[in-house]
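Only one structure is covered here, and it is reproduced in the block below.
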Amino acid sequence: MATRPERPYAKFNFLVDFGTGGPGAGFQECSGLSTEITVAEYRAGHDLENRVPKIPGLHKATNVTLKRGVIGTPDLYQWLEAIRNGTPGAARTVTIRLQNEERTTIVRTWKFACTRIIKHVSGPLNAKGTDIALEELTLSYEGLEKE
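The following block contains the structure:
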């Protein structure tokens, strides 16, 4: 049974699953978790009220951006290569789960249907810096479910 917490959940405890059944990699940042519903304004000439009704239209899914430190596992690169080659079935269901502070319970889940990597950025690399090398993935998806 879900309980109401005394304060909002922190945003730093999340897991990302790339359709492989478990967390694929640890990510530092996840942004763009949103959808937008377009509306059409329609008013018939014989309407009695002096307002324009708004009718819900199509929904639009925004892209999700993930950032992480560069690590040596080839999983995401193999998935990107399958997408670039047009391999049938390359689209996956990606799941992002927010955990409570104790990391014992999943408190919110976002499930992205028909997801593909559409952008991969590595770097910048700087020999004089002390920062960790980061890579960025942008995911495009067709549908979003919240659990």
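Note that numbering that gives the first Met the number 0 has the sequence shown beginning at 0, numbered continuously upward.
Note that the Cβ used here is the ideal one computed from N, Cα and C, for glycine as well.
Asked                                                                                                                             : Found
Unbroken beta strand (DSSP E) run spanning E146, endpoints                                                                        : Careful: E146 lies outside any beta strand (DSSP E) and carries neither H nor E.
V69 vs S121 beta-carbon contact at 8 angstroms                                                                                    : yes
Residue range of the unbroken beta strand (DSSP E) whose run includes Q98                                                         : 91 to 98
Nearest neighbour of R114, chosen from E100, A90, P123, G128 [CA to CA]                                                           : Residue 114 is actually Thr in this sequence, not Arg. Of E100, A90, P123, G128, the residue nearest in Cα terms is A90.
is_contact[T114, chain D] using C-beta, thresh 8 angstroms                                                                        : Among the protein chains of the structure shown there is no chain D, as only one such chain exists.
According to DSSP, residues forming a beta bridge with H58                                                                        : I36
Cβ neighbour criterion (16 or more within 10 Å) applied to R50                                                                    : exposed
Beta-carbon contacts of E80 that lie in its chain and below 8 angstroms, excluding the five residues immediately before and after : none
Selection from V63, T64, L47, I36 that minimises the alpha carbon distance to K53                                                 : I36
Element boundaries [alpha helix (DSSP H), containing I82]                                                                         : 74 to 83
Selection from N84, K110, D130, N99 that minimises the alpha carbon distance to E5                                                : N99
Rounded straight-line distance, which links the Cα of K110 to that of K145                                                        : 6 angstroms
G68 (DSSP reduced to helix, strand or coil)                                                                                       : strand
Nearest to S139 (by Cα), restricted to the options G56, I82, I131                                                                 : I82
Proximity to I116 [Cα-Cα], best of N12, R96, I105, L65                                                                            : L65
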